[in-house]
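With numbering that gives the first Met the number 0 applied, the sequence shown has no gaps in its numbers, which climb one by one up to 444 at the end. Each remark here refers to the structure printed beneath this line.
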Amino acid sequence: MTQHRFNSGYIVAISFISALGGYLFGFDFAVISGALPFLRTTFGLTPWWEGFLTGSLALGCMLGCLIAGSLAEKYGRRPGLMTAAIVFALSSVGMALSNSLTVFIVMRFAAGIGVGMASMLSPMYIAEISPAAVRGRNVAINQLTIVIGILITNLVNYMLADNGDNAWRWMFGLGVVPSVLFLLGVIWLPESPRWLMQVNRQEQARRVLGKIGDANFAEHTVDDIKRSLVAGKQNAVSSGVWAPAVRGAVVVGILLAVFQQFCGINVVFNYTSTIFESVGASLNQQLFETVSIGAVNLVFTIIAMWQVDKLGRKPLMLAGAAGLSVIYVVLALLLKNQAAASLVSVFVLIAIALYATSLAPVTWVLIAEIFPNHIRARATTVAVIALWAAYFVLVFTFPVLAQKLGAYGPFYMYAGICVLGYFFVRSRVHETKGRTLEEISGGFH
């Protein structure tokens with residue numbers, strides 16, 4: 000196999016800038032956990048409205064994915080990333096200034112549009128500009144910025160919590176800062192070479208690839224992309240995501256996305272205060288737990304980045320699914336028996352560590368990898384919409400289920416889902432480490 004030279008610093012730089020979209024995801028994902036105690040008082044939330052307010056982000060994300068897919072196909076990946084940053088900045092201000100529950104939910108829905116666009120486009124863009132040997136690590140940078148966003152947001156929430164009843168307005172308003180930084184960074188990014196090839200801008204694609212690696216790498220990759228695009232048109236004339244040649248990959252992508260959410264860990268992120276309140280923790284301790292969760296999430300995401308191109312995708316996914324199924328049963332028993340908050344915290348943090356090294360980053364890596372070039376934008380749209388739909392169902396139902404079954408009840412369900420997920424990954428997910436995107440295409444029939 001021909002050895003190519005790569006401009007590693009440049010590749011990491013453009014990956015990190017694109018992955019700032021993940022920071023926006025992490026921000027809006029985490030800010031609700033610290034703000035909920037204040038929003039319950041401000042808007043008099045019932046369990047139903049609490050679930051809908053939290054889940055309204057996901058509804059916006061689904062629309063954002065549709066918008067991003069269309070933009071990415073017609074105009075390229077960069078315009079979509081820029082639009083995501085602008086939408087997020089405006090919606091952050093809107094949430095901070097909301098004077099009613101209706102206005103707040105509309106603004107959170109709008110924030111979801113920006114998050115949904117970024118959540119789809121950032122990992123897809125990184126996968127399309129990364130050499131095969133480091134693609135898993137680079138796409139996992141997107142998950143790293145998500146968890147950095149979660150940790151920093153949790154720390155800011157914790158520090159703002161003593162600033163009176165309107166502290167939540169500052170929590171949301173500060174989202175303007177990362178969105179503006181993201182917009183400025185995206186202006187500098189090159190366009191995806193695979194999209195440029197798709198729209199017959201071969202010389203531009205060759206120049207971008209020439210910045211990423213040496214001349215041989217650029218020529219070799221251009222030839223590979225050409226062949227994959229021709230094969231794609233021959234195998235699926237309609238270029239539809241349900242064409243027989245690509246249907247298997249799309250189904251696997253959807254099920255991976257749904258499993259990542261239905262595994263249940265995001266109720267821990269979004270409802271930390273509810274879970275720890277059920278075992279008698281004070282508000283201060285509840286907010287401190289969000290910081291602990293963010294810190295553990297960050298450390299173990301870095302471990303996942305280090306291992307995803309070494310151990311591979313499949314072993315990490317299997318370990319995460321099996322481990323979570325066991326931890327959830329233990330956690331349910333602790334919550335049911337009103338164990339000390341410190342003991343509950345230990346098992347919550349173990350669950351976060353397992354998720355951060357497996358389902359969290361690896362699902363995004365696989366979704367970014369497994370679809371052929373000619374339908375990647377549309378297939379990724381379908382998979383990520385499924386992910387956000389599953390997230391909405393998860394966070395909308397938890398407050399209602401917790402009220403009826405106790406905070407521990409849903410965790411038995413999540414354990415069962417993790418067992419099913421383990422067997423799905425074992426039977427349907429193929430290893431993709433070290434293979435080019437063109438080599439992976441067609442391997443998920």
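Glycine residues also receive a C-beta, built at the ideal position from the N, C-alpha and C atoms. Quick caveat, the model's predicted, so the values are computed rather than measured.
By the Cβ-count criterion, Trp167 is buried, with 16 or more other Cβ atoms from all chains shown falling within 10 Å of its own Cβ. In the DSSP assignment, Ala338 falls outside any alpha helix (DSSP H), carrying neither H nor E. With 16 or more neighbouring CB atoms inside 10 Å of its own CB, Val290 falls in the buried class.
Under the 10 Å beta carbon count, Gly43 is surrounded by fewer than 16 other beta carbons and is classified as exposed.
When C-beta atoms of the segment 391 to 408 are compared with those of the segment 326 to 338, three or more pairs fall below 8 Å, so the two segments count as touching. Annotated three-state conformation of Gly43 is coil, per DSSP. Your pair Ile16 and Val185 checks out as a contact, with CB atoms roughly 7 Å apart and the cut at 8 Å. Here Phe275 carries a helix assignment [DSSP, helix/strand/coil]. A residue is called buried once 16 or more other Cβ atoms fall within 10 Å of its Cβ, and Gln337, having fewer, is exposed. Burial is judged here by how many other beta carbons sit within 10 angstroms of a residue's own beta carbon; Glu430 has fewer than 16 and is exposed. Taking C-alpha positions only, Pro360 is separated from Ala139 by approximately 5 Å.
Assignment of Phe370 by DSSP, reduced to helix, strand and coil, places it in the coil class. Residue pairing for Phe5: DSSP places it in a beta bridge opposite Gly212.
Using a Cβ-Cβ distance cut-off of 8 Å, the segment 123 to 138 and the segment 96 to 106 are not in contact, since fewer than three pairs of beta carbons, one from each stretch, lie closer than that value. Its Cα nearest to that of Leu315, the residue Val428 stands out among Trp169, Val428, Ala18 and Leu180. Excluding five sequence positions before and after Val267, the CB atoms of its chain that fall closer than 8 Å to its own CB belong to Ile274, Ile292, Val347, Ala350 and Ile351, given in chain order.
Leu143: member of the alpha helix (DSSP H) spanning Arg134 to Leu159, first to last residue.
Following the DSSP letters along the chain, one finds Glu437 inside the alpha helix (DSSP H) bounded by residues Leu436 to Ile439. If the five residues before and after Gln197 are omitted, its C-beta is found closer than 6 Å to no C-beta atom of its own chain.
Of Phe103, Thr144 and Met81, the smallest CA-CA separation from Val11 is found for Thr144. The alpha-carbon of Leu80 is positioned some 30 Å away from that of Asn215.
Note that the segment 169 to 187 does not touch the segment 44 to 57; fewer than 3 beta-carbon pairs, one per stretch, sit closer than 8 Å.
The residue among Ala378, Leu195, Ile366 and Asp213 with its C-alpha nearest the C-alpha of Lys73 is Leu195. The count of Cβ pairs closer than 8 Å, one atom from the segment 252 to 259 and one from the segment 353 to 368, reaches three, so the stretches are in contact.
A direct Cα-to-Cα measurement between Ala280 and Met304 gives close to 34 Å. Straight-line measurement puts the Cα of Glu276 at about 8 Å from the Cα of Leu282. Of the residues assessed, Thr356 falls on the buried side of the cut-off, its CB having 16 or more other CB atoms within 10 angstroms. Remark: C-beta atoms of Arg377 and Val240 approach each other more closely than 8 Å. Rounded to the nearest whole angstrom, the C-alpha separation of Gly25 and Gly212 is 31 Å.
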